[in-house]
Amino acid sequence: MMTFIMSLVFAVWQVLLNNFVVEVASFTGKEIGLLQSLREVPGFLAFTAILVLLVIREQRFALISLLLLCVGVALTGWFPSVLGLYCTTVLMSVGFHYYETCNQSLTLQWLPKGEAAAFMGQALSVKAAGALLGYGSIWLLMTGLNLPYEWVYTLVGGLGLLMVLYCMARFPQFREDAPQQKRLLLRKRYSLYYLLTFLSGARRQIFMVFAAFMMVEKFGYSVTEITALFLINYLFNLLFAKRIGQWIGRIGERRTLMIEYVGLILVFVSYANVEHPTLAAGLYVIDHLFFAMAIAIKTYFQKIADPDEIAATAGISFTINHIAAVVIPALLGLVWLHSPALVFYIGAGIGLCSLLAALSLPATPAPGNETRWGALFPATQT
Numbered sequence: 039m040m041t042f043i044m045s046l047v048f049a050v051w052q053v054l055l056n057n058f059v060v061e062v063a064s065f066t067g068k069e070i071g072l073l074q075s076l077r078e079v080p081g082f083l084a085f086t087a088i089l090v091l092l093v094i095r096e097q098r099f100a101l102i103s104l105l106l107l108c109v110g111v112a113l114t115g116w117f118p119s120v121l122g123l124y125c126t127t128v129l130m131s132v133g134f135h136y137y138e139t140c141n142q143s144l145t146l147q148w149l150p151k152g153e154a155a156a157f158m159g160q161a162l163s164v165k166a167a168g169a170l171l172g173y174g175s176i177w178l179l180m181t182g183l184n185l186p187y188e189w190v191y192t193l194v195g196g197l198g199l200l201m202v203l204y205c206m207a208r209f210p211q212f213r214e215d216a217p218q219q220k221r222l223l224l225r226k227r228y229s230l231y232y233l234l235t236f237l238s239g240a241r242r243q244i245f246m247v248f249a250a251f252m253m254v255e256k257f258g259y260s261v262t263e264i265t266a267l268f269l270i271n272y273l274f275n276l277l278f279a280k281r282i283g284q285w286i287g288r289i290g291e292r293r294t295l296m297i298e299y300v301g302l303i304l305v306f307v308s309y310a311n312v313e314h315p316t317l318a319a320g321l322y323v324i325d326h327l328f329f330a331m332a333i334a335i336k337t338y339f340q341k342i343a344d345p346d347e348i349a350a351t352a353g354i355s356f357t358i359n360h361i362a363a364v365v366i367p368a369l370l371g372l373v374w375l376h377s378p379a380l381v382f383y384i385g386a387g388i389g390l391c392s393l394l395a396a397l398s399l400p401a402t403p404a405p406g407n408e409t410r411w412g413a414l415f416p417a418t419q420t
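Everything in the sequence shown is counted per the numbering used here, starting at 39 for the first residue and increasing by one.
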């Protein structure tokens, strides 16, 4: 239910954002880049989640974070200025990133290693169902009822808020098998996981910020057309994400990530040269398909991690993921003003670095066998 709520509310915020900021707030690449960088600042500070867990249980913290996400989205449409959008985006983002930190941690704690990949694929299907409901709401509210942006944001954010309150009242506190360490830590033996997480964050920002912005600015896609693209993306997840998770469990993390990163290099190079709107839409859908394969990074960590370090490392990994995310949107927003193609060539370079890192994964990850040169990272080093 938490996955469903997050996806429903965030999907509406995300799919309306580019059209809203261009049509109502008159954003350019500079403003959208800065907004996206500000959105990632709470992700950069995700390591502070472990401090919050000193005074509140992780499941409760996840629900409170969802409340903040819903409130931020509900308020978005009522502040269509540059400063107003920056403020509501940060509020929404605080809830989103703390929730995602807890979500990853609780998932890896509660699931057996042999079932994790398949379940994460199933969770992606649930996420897709929430997003599809959100997109359907946009079609109904904006096309059918002709409601303005502010009421769409408010209605969907308010619905999410009611659903979170239901979860708080309805579900018990679930047991945590391994008591989690309540301190910040970095371990050398997780170095490859940190690197893959960092590069994943950099690549994701280029897709989320500039690929979507290109569809509106360069090719003139409307809200309805952007929504249709997201519908196609999430229909794929709804139908096939669980199978992809099972497939990852069969072929292993190393092969999965190598396939993903080769595909990403080709997609980013194609972005840089695309001139036809239909072809650009096809690339956008293909790009999204590779997101499901990122499950392999999480299951790789689960296989090498000490059970009591999952929560602490989840916060650290989200911070590492967002180091690039805080810098890239603002920096590449300036690059975009001079050469949009160069932004995507940089993305291809990030994909190449990811591929080289993936080559270091062992066939059977385990504590003490974190890389193909596992002896270089003794488990006792911190």
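Heads up, the beta-carbon is just placed ideally off N, CA and C, and yes, glycines get one too.
Since the model is a prediction, treat every value here as computed from it, not as a measurement.
message = Quick check on the DSSP output: the alpha helix (DSSP H) that includes E61 runs from which residue to which?
response = The residue labelled residue 61 in the question sits at position 23 within the sequence shown. From DSSP, the alpha helix (DSSP H) with E61 extends over 40 to 61.
Could you tell me which residues DSSP pairs with A404 in its beta bridges? Mapped onto the sequence shown, residue 404 falls at position 366. Beta-bridge pairing links A404 to N407.
Y136 - containing alpha helix (DSSP H), residue span: Sequence index remark: in the sequence shown, residue 136 carries index 98 (1-based). Y136 -> alpha helix (DSSP H) spans 120 to 148.
Whole angstroms is fine: what's the gap from L327's alpha carbon to R213's?
Stepping through the sequence shown from its first residue, residue 327 is reached at position 289. Stepping through the sequence shown from its first residue, residue 213 is reached at position 175. Going from the Cα of L327 to the Cα of R213 covers about 34 Å.
**OP:** Check W374 in the structure and name its three-state DSSP category.
**Re:** Your numbering for residue 374 matches position 336 in the sequence shown. It is helical.
_Using 8 Å as the cut-off, can you tell me whether the stretch 282 to 301 makes contact with the stretch 331 to 349, which would need three or more C-beta pairs spanning the two stretches below that distance?_
yes
**Message:** In chain order, what are the residue ranges of uninterrupted alpha helix (DSSP H) at least 4 long that sit wholly in the stretch 150 to 196?
**Reply:** 151 to 176
Next on the checklist: Given a cut-off of 7 Å on the beta-carbon distance, is the pair Y173 and L269 in contact?
Outcome noted: For the purposes of this step, residue 173 is taken as residue 135 along the sequence shown, with counting starting at 1. For the purposes of this step, residue 269 is taken as residue 231 along the sequence shown, with counting starting at 1. Contact flag set, yes.
- Task: Specify, as a first and last residue, the run of the alpha helix (DSSP H) that T86 falls within.
- Result: As a working mapping, residue 86 is identified with position 48 in the sequence shown. Run containing T86: none; DSSP gives neither H nor E here.
Review point. Ends of the alpha helix (DSSP H) at T66?
Key: As a first step, residue 66 is located in the sequence shown; it is residue number 28 there, counting from the start. Neither: T66 is in no alpha helix (DSSP H) and is coded neither H nor E.
message = Which runs of the alpha helix (DSSP H) at least 4 residues long sit entirely within the stretch 321 to 354? Give them in chain order.
response = 333 to 342
>> Going by DSSP, what residue range makes up the alpha helix (DSSP H) through G283?
In response: Sequence index remark: in the sequence shown, residue 283 carries index 245 (1-based). It spans 261 to 289 - the alpha helix (DSSP H) in which G283 sits, taken as one unbroken run.
- State yes or no: is the C-beta of A84 within less than 7 Å of the C-beta of T145? Walking along the sequence shown from the start, residue 84 turns up at place 46. Walking along the sequence shown from the start, residue 145 turns up at place 107. No, these two residues do not count as a Cβ contact at 7 Å.
Is it the case that the Cβ atoms of A396 and L295 are separated by a distance below 7 Å? For the purposes of this step, residue 396 is identified with residue 358 of the sequence shown, where counting begins at 1. For the purposes of this step, residue 295 is identified with residue 257 of the sequence shown, where counting begins at 1. Cβ distance < 7 Å, so A396 and L295 count as in contact.
*Simplified DSSP state of E255, which is helix, strand or coil*: If you number the sequence shown from 1, residue 255 lands on position 217. Note: E255 maps to helix in three-state DSSP.
Exercise. Quick one, which of H360, A250, I297, E255 has its alpha-carbon nearest G320's?
Worked result: For the purposes of this step, residue 320 is identified with residue 282 of the sequence shown, where counting begins at 1. Residue A250 is the option with its Cα nearest to G320.
- Message: Quick check: what's the CA-CA separation for H376 versus F248?
- Response: Reading the sequence shown from its first residue, position 338 is the one you call residue 376. Reading the sequence shown from its first residue, position 210 is the one you call residue 248. Approximately 14 Å between the Cα atoms of the pair.
Closest by CA to I297, which one among A352, V53, L393?
On the sequence shown, residue 297 is found 259 positions in, with the first residue counted as 1. That would be L393, whose Cα lies nearest to the Cα of I297.
Worksheet item: Since T265 contacts V53 with CB under 8 Å, what's their CB separation in whole angstroms?
Response: Mapped onto the sequence shown, residue 265 falls at position 227. Mapped onto the sequence shown, residue 53 falls at position 15. That belief holds up - the Cβ atoms of T265 and V53 are roughly 5 Å apart, short of 8 Å.
| said: I need the DSSP call for Q211, collapsed to helix, strand or coil. | reply: By 1-based counting over the sequence shown, the position of residue 211 is 173. Of the three classes helix, strand and coil, the one that applies to Q211 here is coil, per DSSP.
request  = Answer with buried or exposed for V93, where buried requires no fewer than 16 other C-beta atoms within 10 angstroms of its C-beta.
outcome  = Your numbering for residue 93 matches position 55 in the sequence shown. Burial call: exposed.
**Prompt:** When you compare each of G196, K165, T337, L89 to V111 by their alpha carbons, which one comes out closest?
**Reply:** The residue given as residue 111 occupies position 73 in the sequence shown. Nearest C-alpha to V111: G196.
- Message: Measuring straight from C-alpha to C-alpha, what distance separates A161 and T41?
- Response: Numbered from 1 along the sequence shown, position 123 holds the residue referred to as residue 161. Numbered from 1 along the sequence shown, position 3 holds the residue referred to as residue 41. Looking at the two C-alpha atoms, the distance is approximately 7 Å.
When you compare each of T127, L106, T66 to V373 by their alpha carbons, which one comes out closest?
By one-based count along the sequence shown, residue 373 stands at place 335. Out of T127, L106, T66, T66 has the C-alpha closest to the C-alpha of V373.
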